[in-house]
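Count along the sequence shown starting at 1, add 39, and that's the number in the numbering used here.
Data block below; observations after.
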Amino acid sequence: MQPAITETKAESQTQAAPREETKKPPEVKTIPLPAAGTDAASRPLRPEIRPHAFVIMPFGKKKGSDDSIYDFNAIYSLLIKPTLEMAGFEPFRADEETASGDILTDMFQELLLADLCLVDMSIDNANVFYELGIRHAFRKRGIVHIQAGRAYMPFDVFNVRTIPYHITPEGVPDPEFLERDKAAIARVTRDTWASDSDAIHSPVFNILTGLSEPDRKSLRTPLATGFWREYNEWKERVTVAQRQKRIGDILLLTEEIRNPLIKEEAVAEAGKALKNMGRYELALVQYRKGLEVNPRNLNFRREEAFNLNRLGRVDEAIVKIESLIADAPNDSEAISYLGRVYKEMWVESWKWVKDDEKRLKTAFDSYHWLLKSIDSYLKGYRVDLNQFYPGVNALTLSFMLVELANKFEDKKSPDPEVAWVRNKLDEMRGSLEFALESFIESEKADYWTLASMAELRVLTATSTQEVVRAYRKALTASRRNTFYLQSSLAQLEMIKSLGMRSEYVEAGIRVIEEELRRMNKEEESTRHVRTKTEEHEHREGYVFLFTGYMINHPGKTGDHFPPEKELDVRNAIHAVLEKHEAGPNDLAITTGMDAGSEILFVECCVERGIHVQAYFPFAEAPYIRDFVSPGGEGWVERYYKMRNHPLVDEFYQPDQVGLPKEGDDVHERNNRWALYSSLVHGIDKVRLIALWDGRSEATNDLDEHLVKHMIDLMRETGGIIEQINPMKLSVATADNALDAVSAHIPANVEFMPAPRPLRKTASRKRNK
Numbered sequence: 040m041q042p043a044i045t046e047t048k049a050e051s052q053t054q055a056a057p058r059e060e061t062k063k064p065p066e067v068k069t070i071p072l073p074a075a076g077t078d079a080a081s082r083p084l085r086p087e088i089r090p091h092a093f094v095i096m097p098f099g100k101k102k103g104s105d106d107s108i109y110d111f112n113a114i115y116s117l118l119i120k121p122t123l124e125m126a127g128f129e130p131f132r133a134d135e136e137t138a139s140g141d142i143l144t145d146m147f148q149e150l151l152l153a154d155l156c157l158v159d160m161s162i163d164n165a166n167v168f169y170e171l172g173i174r175h176a177f178r179k180r181g182i183v184h185i186q187a188g189r190a191y192m193p194f195d196v197f198n199v200r201t202i203p204y205h206i207t208p209e210g211v212p213d214p215e216f217l218e219r220d221k222a223a224i225a226r227v228t229r230d231t232w233a234s235d236s237d238a239i240h241s242p243v244f245n246i247l248t249g250l251s252e253p254d255r256k257s258l259r260t261p262l263a264t265g266f267w268r269e270y271n272e273w274k275e276r277v278t279v280a281q282r283q284k285r286i287g288d289i290l291l292l293t294e295e296i297r298n299p300l301i302k303e304e305a306v307a308e309a310g311k312a313l314k315n316m317g318r319y320e321l322a323l324v325q326y327r328k329g330l331e332v333n334p335r336n337l338n339f340r341r342e343e344a345f346n347l348n349r350l351g352r353v354d355e356a357i358v359k360i361e362s363l364i365a366d367a368p369n370d371s372e373a374i375s376y377l378g379r380v381y382k383e384m385w386v387e388s389w390k391w392v393k394d395d396e397k398r399l400k401t402a403f404d405s406y407h408w409l410l411k412s413i414d415s416y417l418k419g420y421r422v423d424l425n426q427f428y429p430g431v432n433a434l435t436l437s438f439m440l441v442e443l444a445n446k447f448e449d450k451k452s453p454d455p456e457v458a459w460v461r462n463k464l465d466e467m468r469g470s471l472e473f474a475l476e477s478f479i480e481s482e483k484a485d486y487w488t489l490a491s492m493a494e495l496r497v498l499t500a501t502s503t504q505e506v507v508r509a510y511r512k513a514l515t516a517s518r519r520n521t522f523y524l525q526s527s528l529a530q531l532e533m534i535k536s537l538g539m540r541s542e543y544v545e546a547g548i549r550v551i552e553e554e555l556r557r558m559n560k561e562e563e564s565t566r567h568v569r570t571k572t573e574e575h576e577h578r579e580g581y582v583f584l585f586t587g588y589m590i591n592h593p594g595k596t597g598d599h600f601p602p603e604k605e606l607d608v609r610n611a612i613h614a615v616l617e618k619h620e621a622g623p624n625d626l627a628i629t630t631g632m633d634a635g636s637e638i639l640f641v642e643c644c645v646e647r648g649i650h651v652q653a654y655f656p657f658a659e660a661p662y663i664r665d666f667v668s669p670g671g672e673g674w675v676e677r678y679y680k681m682r683n684h685p686l687v688d689e690f691y692q693p694d695q696v697g698l699p700k701e702g703d704d705v706h707e708r709n710n711r712w713a714l715y716s717s718l719v720h721g722i723d724k725v726r727l728i729a730l731w732d733g734r735s736e737a738t739n740d741l742d743e744h745l746v747k748h749m750i751d752l753m754r755e756t757g758g759i760i761e762q763i764n765p766m767k768l769s770v771a772t773a774d775n776a777l778d779a780v781s782a783h784i785p786a787n788v789e790f791m792p793a794p795r796p797l798r799k800t801a802s803r804k805r806n807k
């Protein structure tokens with residue numbers, strides 16, 4: 040558990056400054072928490088990613104060559120499985136796959152793709168050695184060999200290192216040596232997993248030095264339905280969440296994937312979804328988690344640099360991308376992205392100038408960045424001539440450089456680099472046009488190819504209709520992806536800002552904006568100027584998370600919220616909301632609406648016109664039975680009044696994100712779900728309002744445990760906590776309500792720019 044939040048005078052006077060993530064209130068409950076002081080306390084705040092370990096061994100009781108007995112099921116359950124778990128792995132044996140599917144294909148998928156294989160070579164078992172040979176042939180690392188009581192090994196594997204363990208005459212692990220055997224095997228598995236990624240554990244790859252390990256994606260088979268079930272179910276839910284812009288669902292579901300290989304695939308999808316939604320800081324976190332799983336994933340490294348740049352961390356982005364290019368000199372995408380970074384540095388140097396003529400002059404004076412961008416784009420295009428996007432970017436920027444040079448360059452002393460670009464312009468234009476037209480005719484063109492052709496038409500067309508037709512054709516491949524369209528729009532806006540080819544640029548802008556309006560169902564242009572009210576919403580919209588205790592009742596263990604303090608708690612909640620001038624521009628999130636502080640919080644929010652999202656751990660009927668009815672029928676009536684309010688939306692965990700995985704707690708999962716959902720405006724806009732007594736010791740009361748769990752989550756995330764201490768509430772007046780309120784701001788929190796606030800979610804009544 041995290042250290043308790045201690046209230047200090049300095050903290051109580053600290054202004055609520057923007058900070059990192061916050062978390063949502065746990066549903067405050069009265070059901071006793073089983074072993075809260077042990078199991079709950081020992082569980083990590085967030086699910087852990089454990090490497091997959093596939094165990095290759097015989098099943099049941101078998102005889103060795105000397106007729107000795109081996110009880111391999113007992114060896115697995117008593118020695119191998121607990122040892123792998125102790126070493127930090129997720130063990131799997133083929134006979135453990137009980138779900139529907141082809142056991143053989145699932146076994147082969149695990150054999151080929153598992154992070155580590157542990158093989159028991161104690162006896163001459165044909166299946167074991169067949170599977171071992173497959174692993175040796177396809178994967179160069181991630182293999183551990185063990186055996187018991189064997190005096191020799193077959194010739195082909197006599198020189199592989201094997202770790203011995205001890206068994207009794209009955210063929211089960213010897214209790215006298217069990218702990219030592221566990222420690223020895225665990226140490227070797229950890230060392231094997233932690234070894235250098237270039238280390239070779241397979242004798243096949245050791246001997247055949249020219250043999251290359253196949254890409255893991257090429258070893259996938261859709262026939263292994265059991266192996267890929269987790270990923271397929273995840274993708275279905277995330278696709279829905281992306282369409283509904285439900286960031287919390289995406290983050291929760293991706294966090295819960297345990298198989299590292301599937302995790303790698305999921306991170307790629309989740310990062311892409313978050314990037315397309317404009318949530319670059321969250322996408323960056325995902326890609327960095329992906330790099331923890333596979334540090335050599337070039338796509339993750341590119342995306343890390345991309346999102347750093349989008350967050351304004353340009354120097355970091357350049358360092359990351361240059362390091363990637365040093366490792367992969369022919370990575371066209373990485374080279375091209377470096378060109379994009381330099382292009383944006385050039386644009387930043389002049390876009391702030393209001394006067395048109397001065398803006399042009401400033402743009403020319405910064406053309407050294409423009410030259411670096413053109414050079415990078417050209418290098419990226421030359422590496423892969425089928426990647427048209429960098430080629431067209433090089434052409435567009437070259438055209439702009441020549442136009443600026445024609446206007447401002449010293450004719451007596453021309454820059455030879457500018458002259459080179461001028462001389463190459465026509466050649467570049469002709470070759471790109473020919474290549475694009477040929478590729479598009481093959482009907483293999485994606486959005487970026489068609490958008491590249493449209494941008495080329497902006498530079499070369501003699502009629503605006505050519506531009507309109509080209510962009511409309513590109514829209515057919517956009518799949519209504521806002522990120523794609525906004526990227527194309529930004530390119531056109533850049534050209535427009537310098538007054539070049541204005542008529543043709545405007546034609547392209549109109550096509551894209553019309554499509555964006557259709558997609559967003561907006562009446563006005565997506566490029567309108569914000570009013571003062573809209574600017575206030577953009578800057579000041581908060582997300583208020585809430586966690587707090589349930590009202591005292593006969594079945595509750597703790598004594599945190601006696602009924603006579605209801606007005607005091609209400610006044611304290613109002614005081615915190617008033618402190619932040621909370622209103623319709625803000626959003627409130629709870630982990631339910633229990634009889635007590637959560638219903639009070641929802642009532643306070645709707646009084647102020649704040650939209651509320653309530654996240655429930657399970658269906659409504661059992662929730663009311665367990666967390667509302669114990670407070671009395673009056674609370675049930677208040678629950679239904681709020682549930683039916685047009686400003687309140689409910690989301691039920693089984694419907695939205697499915698059931699929790701084995702070993703996860705549904706209530707703690709609900710806390711995480713609500714916290715991640717609160718990040719719609721960026722962590723610096725989240726405030727956790729917590730009715731909490733400040734105690735941090737373990738408890739058997741579920742209500743108390745979940746409040747502390749939410750506090751710990753928020754502290755780990757780095758957000759701001761507004762604590763309401765119920766023990767300090769005594770007089771029911773609003774004037775002194777803030778005396779019991781403290782703002783807790785974690786130290787050393789790294790801020791990221793907050794993206795545009797998400798539009799208010801349609802109410803449940805409109806959704807249904």
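Positions of the beta carbon are idealized from the N, C-alpha and C atoms, including for glycine.
Item to check | CB contact flag (F128, T228, <8 Å) | outcome: T228 sits close to F128, with the two beta carbons spaced by under 8 Å.
Checklist entry - Which word fits S636, buried or exposed, when buried means at least 16 other C-beta atoms lie within 10 angstroms of its C-beta? => result Residue environment for S636: buried (at least 16 other C-beta atoms within 10 angstroms of its C-beta).
Next on the checklist: Distance check for F600 and I763, CA to CA, integer angstroms please.
Outcome noted: Between I763 and F600, the C-alpha separation is close to 12 Å.
Checklist entry - Does the pairing of the segment 109-117 with the segment 202-210 give three or more beta-carbon distances under 8 Å? => result Touching, yes, given that three or more Cβ pairs across the two stretches are closer than 8 Å.
Checklist entry - What is the DSSP secondary structure of L859, counted as helix, strand or coil? => result Lying before the first or after the last residue shown, residue 859 is absent from the chain, which here runs from 40 to 807.
Checklist entry - Are the segment 377-396 and the segment 411-422 touching by the rule of at least three beta carbon pairs closer than 8 Å? => result Result yes; three or more Cβ-Cβ pairs closer than 8 Å.
Checklist entry - How many whole angstroms separate the CB atoms of F585 and I357, which I take to be in contact at a CB cut-off of 8 Å? => result Not a contact, Cβ separation roughly 42 Å.
Checklist entry - From which residue to which residue does the alpha helix (DSSP H) around T499 run? => result Going by DSSP, T499 is part of the alpha helix (DSSP H) stretching over 486-499.
Next on the checklist: I need the DSSP call for G635, collapsed to helix, strand or coil.
Outcome noted: DSSP places G635 within a strand segment (E or B) once states are collapsed to three.
Next on the checklist: Check for me: the beta strand (DSSP E) holding I628 runs from which residue to which?
Outcome noted: Where I628 is concerned, the enclosing beta strand (DSSP E) stretches over 626-629.
Checklist entry - Around the Cβ of N425, are there at least 16 other Cβ atoms within 10 angstroms (buried) or fewer (exposed)? => result N425 should be labelled exposed.
Checklist entry - Quick one: complete alpha helix (DSSP H) runs, 4+ long, within the segment 122-175? => result Listed in chain order, they are 142-152.
Checklist entry - Distance, Cα to Cα, A653 vs V183? => result Each residue's Cα considered, the two are about 48 Å apart.
Next on the checklist: Distance check for L337 and L258, CA to CA, integer angstroms please.
Outcome noted: Distance between the alpha carbons of L258 and L337: 19 Å.
Next on the checklist: Is it buried or exposed, Y319, if we count other Cβ atoms within 10 angstroms and call 16 or more buried?
Outcome noted: By the C-beta density criterion, Y319 is buried, having at least 16 other C-beta atoms within 10 angstroms.
Checklist entry - In whole angstroms, what separates the C-alpha of N348 from that of P693? => result In a straight line, the C-alpha of N348 is about 37 Å away from that of P693.
Item to check | Top-ranked residue by Cα proximity to I551, from L537, R540, A513 | outcome: Among L537, R540, A513, the Cα nearest to that of I551 belongs to A513.
Checklist entry - Do the CB positions of V696 and V651 come within less than 8 Å of each other? => result Taking 8 Å as the Cβ cut-off, V696 and V651 do not qualify as a contacting pair.
Next on the checklist: Please list the terminal residues of the continuous alpha helix (DSSP H) segment that includes T435.
Outcome noted: Here the alpha helix (DSSP H) through T435 covers 427-447.
Next on the checklist: Considering only their Cβ atoms, is the gap separating N346 from T363 smaller than 8 Å?
Outcome noted: The question names Thr, but residue 363 in the sequence shown is Leu. No. Outside cutoff.
Checklist entry - Three-state secondary structure (DSSP) at F585? => result F585: strand per DSSP, three-state reduction.
Checklist entry - In the DSSP assignment, what residue or residues form a beta bridge with Q652? => result The beta-bridge partner set that DSSP reports for Q652 consists of I628, D688.
Checklist entry - Which term fits T572, buried or exposed, when burial requires 16 or more other beta carbons within 10 angstroms of its beta carbon? => result Here the model assigns T572 a pLDDT of 32, short of 50, so the residue's position is not dependable, and the following value carries that caveat. When all chains shown are included, T572 counts as exposed.
Checklist entry - In this structure, does DSSP put F216 in helix, strand or coil? => result Annotated three-state conformation of F216 is coil, per DSSP.
Next on the checklist: Quick check on the burial criterion: 16 or more other C-beta atoms within 10 angstroms. Buried or exposed for I638?
Outcome noted: It is buried - the Cβ of I638 has at least 16 other Cβ atoms within 10 Å.
Checklist entry - In whole angstroms, what is the alpha-carbon distance linking E466 and E505? => result So the alpha carbons of these two residues sit roughly 21 Å apart.
Checklist entry - Alpha carbon to alpha carbon, what distance is there between E532 and I812? => result Here the chain has residues from 40 to 807 only, and residue 812 is not among them.
Checklist entry - Who are the near neighbours of A509 in its chain, counting only those whose CB is closer than 7 Å to its CB and skipping five residues on each side? => result If you ignore the 5 residues before and after A509, its C-beta comes within less than 7 Å of the C-beta of M492, A493, R496, all in its own chain and listed in chain order.
Item to check | Closest Cα partner of E355 within the set K767, R340, V641, Y662 | outcome: When only C-alpha atoms are compared, the closest one is R340.
Checklist entry - Which two residues bound the contiguous alpha helix (DSSP H) that contains V675? => result Its alpha helix (DSSP H) spans residues 672-682.
Next on the checklist: Quick test of the definition: if touching needs 3 or more C-beta pairs under 8 Å, does the segment 160-172 touch the segment 215-225?
Outcome noted: With a cut-off of 8 Å, the segment 215-225 and the segment 160-172 do not count as touching, because too few Cβ pairs lie within range.
Checklist entry - Ordered along the chain, which non-local residues of its own chain (more than five positions away) have a Cβ less than 7 Å from that of A773? => result In this prediction, A773 scores a pLDDT of 45, lower than 50, which makes its location untrustworthy; no coordinate-derived value is stated.
Checklist entry - Would you call L143 buried or exposed, if buried means 16 or more other Cβ atoms sit within 10 Å of its Cβ? => result With fewer than 16 Cβ atoms within 10 Å of its Cβ, L143 is classed as exposed.
Next on the checklist: Short of 7 Å in beta carbon distance, which residues of its chain neighbour N245, apart from the five on each side in sequence? Order them along the chain.
Outcome noted: Close CB contacts of N245 within its chain, under the 7 Å cut and outside five residues either way in sequence, are with I239 (chain order).
Next on the checklist: If distances are taken between C-alpha atoms only, which option among R682, V94, I185 comes closest to E149?
Outcome noted: Here the closest residue by C-alpha is V94.
Checklist entry - How many angstroms separate the CA atom of F168 from the CA atom of S251? => result In this model, F168 and S251 are separated by some 22 Å (Cα to Cα).
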